[in-house]
Structure formats: C-alpha cells, structure tokens
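In mature numbering (1 follows the signal peptide of the UniProt record, and there is no 0), the protein residues as written are -20 to -1, 1 to 286.
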Amino acid sequence: MYKALVIFVAGYLTVTSVNSDHWHYAVEGPNGVVNDNEDWGGMCAAGMRQSPVDLAHDASIKGEYPGFIFENYDTPMKTPDIINNGHSIQISTTPGEISVSGGGLPGTYIFDQMHFHWASEHLINNDRYALELHMVHHEKRFESITRAAQEKNGVAVLGILFHVSLEPNMIIENILLNAGNIFEAVGRNQTYKDKLLLDDLLPKRLQSYFRYEGSLTTPGCGEAVVWTVFDQSIPISMDQVERFKAVQDDEGQKLTHNYRHIQPLNSRALVYIQGSTEYSAASFKGASMFLMFVSLVITTLGMKLK
C-alpha cells in the first residue's frame, strides 16, 4: 500500500557497495509494481539482521531515551559535493564537524553523506512513502565509514520519510536543481552551489521514532547499522518525486525506483520511542543562557533587597 505515495531521505552508502559486484534493483513490472525480490547473494541473502523492515507499531516495544544532541546540524555544510552514483543522488561533505549523539545511540556519530530512495525503503504499518532520505554517520572511534561498517553499530543512519503534498518542498527543490546536470552523468561529482543545512531536512517532531539494529540496504548489506526512522513525514510534491525518477543508472536506464524489498525482522527488537525530550546543541546553548540570565536577575534582586 502507498500512503499518498511517500519518500524517505537517508539508504545507499558509498560503503555499501564495497567488495560488491555490479548489481541492480528488482525489475518493475508493466503495472508499476516491483514484484521480484533482489538476487544479491552473500550477506544480503544469508544475513539475519537485514534492512529495511516494516516498522509496525503492533510488533514494536515502547522505549524511552533522552533527546538527541545534534552538533552543527544548524550550520551550513562546508563545500558539499553532489553525485549521481548510479543508484541514487548523494550529497557528501568532509567528515568532522557535524555529528549526532544521544537519543539512545551507543556513541557519537560523525556525518558522512546523505542520499535518497524513491519510493521509501522502510514501511510504517505496511504503508510505503514517496521518498526516503538517509543521513549516514560513522562512529567517531573509527577513522572512516568504511572501517566503521565492519563493526556492529559502527554506522548510524537517520531515516526521514516524505509524503506527497500539493506544495513543493523548497529544500528538495534546491537539491534537484543542483543535481540537474548529473541526472544522466553517472559518477560525475560536482560542488553543491547553495547553502545546505541538515536541520532543514529533519522533521519537526524528533521525539517520535523507531529504533532497531540492521544493515546497509545495498550490496554487500553489512549488518553494521543502528537505524533511527522518524515517524513524522515531510511534504514533497508529486512533480518532485517524478523528477527523481529521471535519474539514470550506470546502464543509461531511468532509475524509476531504488528501494530494497522489506526484510524479515526475525528475533530483533523493534523499539518505538514517543515523547522523549529533544535536545540540540542550539537549544542547549539557549537554555544555558536563559538559566544564566535568571540567575543574574535573582542575584541582582537579592542584592537590592538587602
């Protein structure tokens, strides 16, 4: 089922295709439905902690985590690059200054890149969204995402879902305009020309999300990912969705879809968090300044009353 056709931002990782042969997504039939499963072999076929999964509320357990801490998500990315890697549109930056921690994550994770899937890879209660964005990070103990992808929970991906709306999403519009020259140019890397903040691509309600341990969603499907998928979706227009489908793969064919089929949850815990307190670097600074101001006022009043 499609819930007004939705898209989710944040799975193809550059690292996902390390040691992988040439591969494709399952073929879409004449009715527009992808009926066949991917035949990728290796860990993709044998793994027991594969992604994506159906995020079903009735299969989840309730959890409670402290709020996320987003460092420099509200700061423009430095010299970002955008590329058609043959499987998605991907935006990368030099890792180091942007990170996320808290929210039950088992460490601090450094941002590497983000990419899109159309339609969404994850489902919520068996509903597929128009687009999915994956924000990909590696645990700061490791020197690179390639190294982190060899360890359990070495990679953290934030998944953002998009639903179809009458109005265009202006941040997505800017991304599509920057990608215009590479839709048919696989492997061409070019500088992203405009200001881009990760904050602008996050949903407003960051305290409600699903959490589970899973894998990369492209070959070789390494089981190294701690997944966070927010349950509040972001609007995008149907025209914008259709423009993503004009991206060409490495054989010159239009990439009409680039999502992997749903994988079994098996014995994994699917945790649903709702109502945790949200903290960010910016909000923490603001709260600290407010407390300092209140303290100063109280001190001043106390001195006057003496």
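All C-beta atoms, glycine included, are put in the ideal place defined by N, C-alpha and C. Bear in mind that the values here come from a model prediction, so they are computed numbers and not experimental data.
Take Met(-20) and list the residues in its own chain whose beta-carbon comes closer than 8 Å to its own, dropping the five residues that flank it on each side. Unreliable positioning characterises Met(-20) in this predicted model, as indicated by a pLDDT of 48, which lies under 50. A coordinate reading is not provided.
Who pairs with Ser213 in a beta bridge, going by DSSP? Residue pairing by DSSP leaves Ser213 without any beta bridge partner.
Considering only C-alpha positions, which residue in the set Gly84, Ser68, Asp61 is nearest to Asp92? Nearest of Gly84, Ser68, Asp61 to Asp92, Cα basis: Asp61.
Taking 8 Å as the cut-off, does the segment 122 to 135 touch the segment 204 to 213 (at least 3 CB pairs, one atom from each stretch)? Yes, since at least three Cβ pairs between the segment 204 to 213 and the segment 122 to 135 fall closer than 8 Å, the two stretches touch.
Once the 5 residues before and after Ser72 are set aside, which same chain residues still bring their CB inside 6 Å of it? Answer for Ser72: Asp61, Gln93, listed in chain order.
Determine the DSSP secondary structure at Leu146, reduced to helix, strand or coil. Leu146: coil per DSSP, three-state reduction.
Unbroken beta strand (DSSP E) runs of length 3 or more, entirely within the segment 165 to 190: which are they? The beta strand (DSSP E) runs lying completely inside the segment 165 to 190 and spanning 3 residues or more are 169 to 171, given in chain order.
I need the straight-line Cα distance from Val80 to Tyr45, nearest angstrom please. Rounded to whole angstroms, Val80 and Tyr45 show a C-alpha spacing of 14 Å.
Inspect the CB distances between the segment 168 to 185 and the segment 230 to 245 and report whether three or more fall short of 8 Å. Too few Cβ pairs lie closer than 8 Å, so no.
Less than 8 Å between the CB atoms is what I'm expecting for Ser188 and Gln212, so what's the real figure, rounded? Contact flag correct, Cβ pair sits at about 6 Å.
Straight-line gap, His118 to Ala129 (C-alpha atoms, nearest Å): Spanning the two alpha carbons is a distance of roughly 8 Å.
Which residues does DSSP pair with Thr208 in a beta bridge? According to DSSP, Thr208 bridges with Leu138, Arg191.
Step through the CB atoms of chain C and report whether any lies within less than 9 Å of the CB of Thr88. No chain C appears in the structure shown, which is made up of a single protein chain.
Which class does Val7 belong to by DSSP, given the choice of helix, strand or coil? Coil.
By alpha-carbon positions, which one of Tyr172, Phe142, Gly160 ends up nearest to Leu181? It is Phe142.
Cβ of Ile78 within 9 Å of Cβ of Thr55? Going by C-beta atoms, Ile78 is nearer than 9 Å to Thr55.
Just reading off the alpha helix (DSSP H) that Val221 is part of, what are its end residues? For Val221, the uninterrupted alpha helix (DSSP H) segment begins and ends at 218 to 224.
With DSSP as the reference, please indicate the residues paired to Ser81 in a beta bridge. Residue pairing by DSSP places Ser81 opposite Ile49 in a beta bridge.
Can you list, in chain order, the stretches of the alpha helix (DSSP H) that have 4 or more residues and sit fully within the segment 88 to 112? Within the segment 88 to 112, no complete alpha helix (DSSP H) run reaches 4 residues.
Whole-angstrom distance between Gln228 and Gln30, CA atom to CA atom: Going by the C-alpha atoms only, they are around 26 Å apart.
For Gln254, which residues of its own chain have a beta-carbon under 6 Å away from its beta-carbon, when the five flanking residues on both sides are left out? Ser188.
What number of angstroms, rounded off, separates the C-alpha of Pro215 from the C-alpha of Lys184? Approximately 12 Å between the Cα atoms of the pair.
So, is residue 288 buried or exposed, given that buried needs 16 or more other C-beta atoms within 10 angstroms? Since the first residue shown for the chain is -20 and the last is 286, residue 288 is missing from the structure and cannot be characterised.
Check whether Ile69 and Phe50 have beta carbons under 9 Å apart: Result no, Cβ atoms of Ile69 and Phe50 do not sit closer than 9 Å.
Local conformation of Gly43 per DSSP, three classes: Strand at Gly43.
Between residue 289 and the rest of its own chain, which residues show a CB-CB distance below 7 Å, the 5 nearest in sequence each way excluded? Any answer about residue 289 is impossible in this case: the structure gives the chain only from -20 up to 286.
Taking just the CA atoms, how far does Val116 sit from Thr126? For Thr126 and Val116, the distance between alpha carbons rounds to 12 Å.
Identify, in the order they occur along the chain, each residue of the same chain with its Cβ nearer than 8 Å to the Cβ of Phe122, setting aside the five sequence neighbours on each side. If you ignore the 5 residues before and after Phe122, its C-beta comes within less than 8 Å of the C-beta of Ala128, Glu131, Gly134, all in its own chain and listed in chain order.
Are the beta-carbon atoms belonging to Leu245 and Tyr192 less than 9 Å from one another? Inclusion of Leu245 and Tyr192 in the CB contact set at 9 Å is warranted, their separation being smaller than that value.
Taking only the alpha-carbon atoms, compute the straight-line gap between Thr59 and Ser247 and give it to the nearest angstrom. Taking the straight line joining both Cα atoms gives about 42 Å.
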